[in-house]
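Student: Handing you this structure, nothing more for now.
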Amino acid sequence: MTKSSTSGLTRRALLGAFAATAVVAAPTYSKAAGFLRGGGDVRRIRMYSGRTGERIDMIYWVDGKYIKDAVKEVNHFMRDWRTDQSKSMDLRTIDIMAASHNLLDANEPYMLLSGYRSPQTNAMLRSKSRRVARNSLHMQGQAADLRLSSRSVSQMAKAAMSCRAGGVGQYYRSNFVHMDCGVVRSWRG
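Numbered by the numbering used here, the letters in the sequence shown go through residues 27 to 215 in order.
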């Protein structure tokens, strides 16, 4: 996973330098939405949906500012595909997803299994599985269930947990990781 550049710096060393810079900058940006370890100066989200066949590869944040039109596209992409309803996703969740992806150094896009979930969809899923929360953060636009074929559930969860920015659920049987911007916690489902 560590690659050497022509200057002799490894990706790990470079990320360490950025992390050190982030610690120094933390007092300035601590209240800014999206300040997140591993986030970077340019934030990009790459996903595809097996349900709709859609793909997204979007730079949505540059130099401390969210790009309004890009965020709108991400919100639409992360809609409830069953009802075709969308909601403004909490930008902290998108930041966690992007930072985790960046830390994993993965070239492939996430497979989005679930982003926003309408109350109707959540109730239907809840009737089929006790693992679906009654007040799921998916209904608030604050959670996503994601998969990468090139990374294990454990690897994805570790990257998300290293952000220390929300909840991380590991679902080994179903091969996905839940990421949300709620209380910092982790669990196995």
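Don't be surprised by glycine CBs; every beta carbon is placed ideally from N, CA and C. Keep in mind that this is a model prediction, so the values were computed, not measured.
In terms of alpha-carbon separation, which member of 153, 154, 137, 166 lies closest to residue 143?
Tutor: Here residue 143 refers to the residue found at position 117 when the sequence shown is read from its first residue. Per the Cα distances, 166.
Student: When you compare the CB positions of residue 132 and residue 176, do they come within less than 8 Å of one another, or not?
Tutor: Along the sequence shown, read from residue 1 onward, the residue named residue 132 stands at position 106. Along the sequence shown, read from residue 1 onward, the residue named residue 176 stands at position 150. Their beta carbons are under 8 Å apart, which means residue 132 touches residue 176 by this criterion.
Student: Between the Cα of residue 123 and those of 95, 182, 103, 152, spot the shortest distance and give me the residue it belongs to.
Tutor: Counted from its first residue, the sequence shown places residue 123 at position 97. Minimum Cα distance to residue 123 is reached at 182.
Student: Is the beta carbon of residue 163 less than 8 Å from the beta carbon of residue 203?
Tutor: Here residue 163 refers to the residue found at position 137 of the sequence shown. Here residue 203 refers to the residue found at position 177 of the sequence shown. Contact flag unset, no.
Student: Apart from the five residues on each side of it in sequence, which residues of its chain come closer than 6 Å, Cβ to Cβ, to residue 193?
Tutor: Numbered from 1 along the sequence shown, position 167 holds the residue referred to as residue 193. Result list for residue 193: 206, 208, 211, in chain order.
Student: Return the chain-ordered list of same chain residues with a C-beta closer than 6 Å to the C-beta of residue 115, the five sequence neighbours on each side being excluded.
Tutor: Mapped onto the sequence shown, residue 115 falls at position 89. The residues are 101, 104, 167.
Student: Could you tell me the alpha carbon to alpha carbon distance between residue 78 and residue 89, rounded to whole angstroms?
Tutor: For the purposes of this step, residue 78 is taken as the residue at position 52 of the sequence shown. For the purposes of this step, residue 89 is taken as the residue at position 63 of the sequence shown. Going by the C-alpha atoms only, they are around 32 Å apart.
Student: Run the CB neighbour count on residue 214, radius 10 Å, all protein chains shown included, and call it buried at 16 or more, exposed below.
Tutor: Position 188 of the sequence shown, counted from the first residue, corresponds to residue 214. Result: exposed.
Student: Less than 8 Å between the C-beta atoms of residue 191 and residue 118, yes or no?
Tutor: Position 165 of the sequence shown, counted from the start, is the residue given in the question as residue 191. Position 92 of the sequence shown, counted from the start, is the residue given in the question as residue 118. Result yes, Cβ atoms of residue 191 and residue 118 sit closer than 8 Å.
Student: Name the DSSP bridge partner or partners of residue 107?
Tutor: Residue numbering aside, residue 107 sits at position 81 when the sequence shown is read from its first letter. In DSSP, residue 107 forms no bridge with anything.
Student: Give a yes or no on whether the minimum CB-CB distance between residue 150 and chain C is below 8 Å.
Tutor: The question asks about chain C, but that chain is absent: this structure has only one protein chain.
Student: Express the C-alpha separation of residue 179 and residue 130 in angstroms, rounding to a whole number.
Tutor: The residue given as residue 130 occupies position 104 in the sequence shown. The residue given as residue 179 occupies position 153 in the sequence shown. Between residue 130 and residue 179, the C-alpha separation is close to 12 Å.
Student: Is the CB-CB distance between residue 170 and residue 141 below 8 Å?
Tutor: On the sequence shown, position 144 is the one that residue 170 refers to. On the sequence shown, position 115 is the one that residue 141 refers to. Yes. Within cutoff.
Student: Should residue 67 be labelled buried (16 or more other beta-carbon atoms within 10 Å of its own) or exposed?
Tutor: For the purposes of this step, residue 67 is taken as the residue at position 41 of the sequence shown. Per the 10 Å Cβ criterion, exposed.
Student: Taking Cβ positions, are residue 85 and residue 70 nearer each other than 8 Å?
Tutor: Position 59 of the sequence shown, counted from the start, is the residue given in the question as residue 85. Position 44 of the sequence shown, counted from the start, is the residue given in the question as residue 70. Yes, these two residues count as a Cβ contact at 8 Å.
Student: Measuring straight from C-alpha to C-alpha, what distance separates residue 161 and residue 109?
Tutor: What you label residue 161 is simply residue 135 of the sequence shown in a count that begins at 1. What you label residue 109 is simply residue 83 of the sequence shown in a count that begins at 1. Roughly 18 Å separates the two Cα atoms.
Student: With residue 127 as the anchor, note down where its alpha helix (DSSP H) starts and where it stops.
Tutor: Within the sequence shown, numbered from 1, the residue matching residue 127 stands at position 101. From DSSP, the alpha helix (DSSP H) with residue 127 extends over 117–130.
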